[in-house]
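Heads up, the sequence shown is in UniProt numbering, so the first residue is 1 and it goes up one at a time. Cβ atoms here follow ideal geometry from the backbone N, Cα and C, with glycine treated the same way.
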Amino acid sequence: MYVCNCKGLNERHVRGAIDGGARHVAGVFHACGESPQCARCVKRIAALIRAEKGAPMALVGAHMPSPQQMEA
């Protein structure tokens with residue numbers, strides 16, 4: 001199932017990034033070599049991190065900076 005349609009990331013990509021050490025949403029994008037585009041997927045990615053690691057949403061980054069801020 002796709003998690004991020006803009007970047008073509010599916011659950012396997014996201015879980016792989018989490019297994020590789022990503023602990024927050026920005027870390028998942030970084031591990032996948034991507035940056036967020038529209039950010040509609042952020043809550044889904046955060047929920048996967050929470051499910052895998054049991055971390056509170058506040059720590060996994062359910063809110064992301066804009067794509068422009070990520071590139072700066």
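Check                                                                                                                                                : Outcome
Quick one: residues in its chain with C-beta nearer than 6 Å to the C-beta of His30, no 5 flanking neighbours on either side, listed in chain order? : none
Could you compute how far the alpha carbon of Arg50 sits from the alpha carbon of Lys7?                                                              : 21 Å
Helix, strand or coil: which one does DSSP assign to Glu71?                                                                                          : Its pLDDT being 48, under 50, Glu71 is placed unreliably in this model, and the value from its coordinates should be taken loosely. Of the three classes helix, strand and coil, the one that applies to Glu71 here is helix, per DSSP.
Assuming Lys53 and Ile18 are in contact, meaning their beta carbons sit under 8 Å apart, how far apart are those beta carbons, in whole angstroms?   : 7 Å
What does Leu9 pair with, by DSSP beta-bridge criteria?                                                                                              : Cys4
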